[in-house]
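Per our numbering, residue 9 is the first one in the sequence shown, and the count goes up by one each step.
These notes concern the structure reproduced below.
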Amino acid sequence: MNLDLAFYLAVFRRRLPIFLATVIVITAFSVALALVLPRQYESEAKLLLESSQIPDAMAAPTVRSASLEKLQVLEQRLMTRENLLGIAREHDVFENIDNMTPNEIVAAMIGQTDIFIRGGQQQATLMTVAFAARTGEIATAVVGDYVSIVLEADVDVRIAAAQDTLEFFQQETSRLSERLSYLSAEILQYQNANSDALPDTLQFRMTQLAQLQERLAAAERDIELSNDQKDRLVAIYDAAVTAGVGALPQTDEARQLTLLRDQLAQARIIYSESNPRIRILEEKVEVLERTVREQTETGAFDNGPGGATTTLKFQIADIETRLSQLEAQRAELSHQIATLRDTIERTPEVKIGLDGLEREYENIQQQYNTAVANLAAASTGERIEVLSKGARVSLLEPATRPDSPSKPKRRSIVLMGLVGSIGAGLGLVLLIELLNRAVRRPKDLIESFGITPIATIPYMQTPAEVQARRTMIVLTLVIVGIGLPAGIYAIHTYYMPLDLILTKGAAKIGIRL
């Protein structure tokens, strides 16, 4: 590949005015910018997020959040519109602050504030707050206010979170306590309404039912026996009346039998069938009944007063009275048995309802116990935060007044402008040449038309053209070198400071200066 250096040098010489104009314009702009930009003094402070002073095993704090998250929340609380406007106006941060709108003030404050958060696992979490202002005193005062706001916000956040937790568990404990009282009253009311069918008394009622059934069976046996005795006495009475016997005396055994039957009837009302007294009376009655039956069959009567029919009538009346008592006893026992069976049949349903209420009561009781334990922990945590014994943000390094300005770095701005202007000039020259399709050398003729020239004659400028070209270049350089800085100075002085213009322009394209 043959590189025609002479041609490219000739092209560069021909485009030299454009190159120089570009270099001069950009360099002049950078120089003017470096001279016009006001001095900025930057002050910074460092904050440290300390861990809890009380071990978690002894008293767990109720305010928990990730370290970086906590500092980010504090940063958002700091950079509120109200805080920025108040600090800017209090310290007169900007020279023409009275002519600035609130939005411009907030944007300028955000642009001159730098907050850096650093942390990680097994590392201390630090927060650096810096601010650049036109004087060191203003920068130090603003950073001091920033630090005060962050520390106050940290205290407010911790105490508010602890108090909210405490208040929540206080309300939860009260709610669960009221629910427990309500359930206790409801369980008591349910037990009173179903006192005859409670599961706890089921075994007792089953035993009582068995006893009543035994007594009912005994009463029915007594009724059957009494009916038999009545039938026999009625038969004897009918036989005596038919035979015309009207003055048969009653024996002592018959009278004693009547008395024993009365005693047996009365004892059965009081005692159960398995009682020894009942059994003794029954045995005596059986012996006397056999004796009276034998006397009746053999005709051995007592010669006492009164007739046999009259005695039989009294005996039949006594048996009927006893039957009435036994019937009443049977009806009462049947009623009691029916009532007990009803309560026993209702017991499973009552048990289901009672178990449901008791399960709910136990669940609420467990929740209440947990809430009480959490309430105690929340009370301890609230006390920890009030005494600032938990995780908190502390001032590690206060803001100090800077001795020298940190911005702008004038040499760097001029150097970057010069390097950039050279690159821009070369790029502009290259772009112009790439877009130029004119024939300027024999090689272009050969490539374009396929002919080889015998000789080439360069364009010869007259002295007047050379002088006019040089005059134009000088005038351009003078206008650019003097007019451009003057225009920049006028914009900065009479329209808007260049730093604000740059801040606004960067903000529109999403760049934070």
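Beta carbons are placed, not taken as given, at the ideal position from N, Cα and C, and that holds for glycine.
None of these values were measured; they are calculated from a predicted model.
Asked	Found
Given this structure, state the Cα-to-Cα distance separating L196 from L272, to the nearest angstrom.	45 Å
With a cut-off of 8 Å on the beta carbons, I'd call E58 and S420 a contact; round off their distance for me.	At roughly 38 Å, the Cβ-Cβ gap does not stay under 8 Å, so E58 and S420 are not in contact.
By the DSSP assignment, the alpha helix (DSSP H) with E90 in it spans what residues?	R89 to H99
Out of curiosity, what's the CA-to-CA distance linking M424 and D164?	47 Å
In chain order, what residues of the same chain have a beta carbon less than 7 Å from the beta carbon of H99, not counting five sequence neighbours either side?	I146, A149 and V150
State the CB to CB distance for the pair R354 and A205, rounded to an integer number of angstroms; the pair is presumed to be in contact (CB under 8 Å).	4 Å
Got a sec? Which residues, its chain only, sit under 7 Å from G152 by beta carbon, not counting five neighbours each side?	A407
In terms of DSSP beta bridges, what is V137 paired with?	A53 and I123
The beta strand (DSSP E) spanning R400 covers which residue range?	R400 to E405
Just the Cα atoms here: how many angstroms apart are L13 and F20?	10 Å
Which residue or residues does DSSP assign as beta-bridge partners of V337?	Before going further, note that residue 337 is Gln rather than Val in the sequence given. Bridge partners of Q337: none, in fact.
Using 8 Å for Cβ pairs, my map puts L86 next to V158. What's the rounded Cβ distance?	6 Å
With DSSP run on the structure shown, which of helix, strand or coil describes E328?	helix
What is the residue span of the alpha helix (DSSP H) that T209 lies within?	Unbroken run through T209: none, as it is neither H nor E.
Got a sec? Which residues, its chain only, sit under 6 Å from R187 by beta carbon, not counting five neighbours each side?	I372
Have a look at I105 and L76 and give me their C-alpha separation to the nearest angstrom.	34 Å
Look at T484 and P25 and say whether their C-beta atoms are less than 8 Å apart.	yes
According to DSSP, simplified to helix, strand and coil, what is K417?	coil
Of the residues Q178, E328, Q219 and S332, which one's Cα is nearest the Cα of E281?	Q219
Can you give the beta carbon distance from R213 to I352, rounded, assuming they're within the 8 Å contact cut?	6 Å
Looking at E50 and A138, is the spacing between their C-beta atoms short of 8 Å?	yes
Which residue from Q237, I278, N235 and E180 puts its Cα closest to that of R7?	With the chain represented from 9 up to 521, any question about residue 7 goes unanswered, as that position is not in the structure.
With I490 as the anchor, note down where its alpha helix (DSSP H) starts and where it stops.	Careful: I490 lies outside any alpha helix (DSSP H) and carries neither H nor E.
Looking only at its own chain, which residues have a Cβ that is under 6 Å from the Cβ of A226, when we skip the five neighbours before and after it?	E281
Enumerate, from N- to C-terminal direction, the unbroken beta strand (DSSP E) stretches of 3 or more residues contained entirely within the stretch 148 to 199.	none
Between the stretch 262 to 272 and the stretch 323 to 336, do at least 3 Cβ pairs fall closer than 8 Å?	yes
Taking the beta carbon of G144 as the centre, do at least 16 other beta carbons fall within 10 Å, making it buried, or is it exposed?	buried
Taking the DSSP output, what are the residues bridged to E58?	R400
Let's test the definition: count the other Cβ atoms within 10 Å of the Cβ of P63 and tell me whether it reaches 16, buried, or not, exposed.	Residue placement at P63 cannot be trusted, given a pLDDT of 48 that sits under 50; the coordinates are not used to answer.
In whole angstroms, what separates the C-alpha of D172 from that of A96?	33 Å
Between the alpha carbons of T209 and S342, how many angstroms are there, rounded?	20 Å
Count the other CB atoms within 10 Å of the CB of S412; is the residue buried (16 or more) or exposed (fewer)?	exposed
Between I490, Q375 and Q84, which has its C-alpha nearest Y154's C-alpha?	Q84
Does R263 come within less than 8 Å of chain B when only Cβ atoms are used?	Looking at the structure shown, chain B is missing, and only one protein chain is on hand.
For L426, collect the residues of the same chain with a Cβ closer than 6 Å to its Cβ; drop the 5 residues on either side in sequence, then sort them by chain order.	T35
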